[in-house]
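Residue numbers (the working numbering): 1 to 242.
Using N, Cα and C, we set each Cβ at its ideal position, and we do this for glycine too.
If you're wondering where the values come from, they're calculated on a predicted model, not measured in any experiment.
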């Protein structure tokens, strides 16, 4: 296998990762951390839930965002890496949705089209996270949705449609209804400029491509949200060991 090629799978309580070496040891470690974070979430969602149907817009797309955020919180990636990955997700998600909602794309997914679906899911997860934090002053976040989902639908029990279950929990937060209607059950292009301002993040770039960086002088709620996203986490944890 060439450098950077990998496969990962979680079945039941078993996580399997096959990954080729990267050019540098630090890159190989970062790749393994990235794969493992994401697959460990799958022990919980979807493997620990009594949900059915094609709802990988959530358990893959949203979970990509969750594992990315966890990477910053555990000091495995820099905040700049977090923003760079979000930028790339936005750029991919900005490709035409062809009038198809995120849920419909998940249900009708063709082999090889996962990248666009997961990027849309990741971008929607970020918007949901920011809006939850903004509405609660940082007291609630996307983690609350995951926690409630697990508390409500953990195994064992009768199966429920995955998309319906996730949306039911999300709708208990009024601030998430526009995100649902536009970007999950709707087919709008991701528009996040105001949410970025709220989060203390600036968008640059040209020709329709996104490039993100933190605001030079965040204030008030911006500081709170940036901190919750992991911006200052490097101050709290020891540096990444090479």
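query: Between the CA atoms of residue 130 and residue 245 - distance to the nearest angstrom; result: This structure gives no information on residue 245, because the portion of the chain shown stretches from 1 to 242.
query: Nearest-angstrom Cβ-Cβ length linking residue 234 and residue 75, presumed shorter than 8 Å; result: 6 Å
query: Own chain, CB closer than 8 Å to residue 109, minus 5 neighbours either side, in chain order; result: 54, 56, 117
query: Opening and closing residue of the alpha helix (DSSP H) in which residue 114 lies; result: 114-136
query: DSSP-derived helix/strand/coil call for residue 201; result: strand
query: Among 62, 139, 182, 223, nearest to residue 101 - alpha-carbon criterion; result: 182
query: Neighbourhood of residue 211 by C-beta distance below 6 Å, restricted to the same chain and skipping five residues each side; result: 87, 204, 205
query: Per-residue DSSP class, three states only, for residue 81; result: helix
query: Check: residue 100 C-beta below 6 Å from any heavy atom of the ligand COA; result: Within the structure as shown, the ligand COA is missing, as the structure has no ligands at all.
query: Cβ separation of residue 230 and residue 79, assumed to be a contact under 8 Å, to the nearest whole Å; result: 6 Å
query: 8 Å contact criterion, which residue 176 and residue 132 should meet: CB distance rounded; result: 7 Å
query: Burial state of residue 188, where buried means 16 or more other Cβ atoms lie within 10 Å; result: exposed
query: Residue 213, enclosing beta strand (DSSP E) - first and last residue; result: 211-214
query: Where residue 95 falls: helix, strand or coil (DSSP); result: coil
query: DSSP beta-bridge partners of residue 154; result: 49
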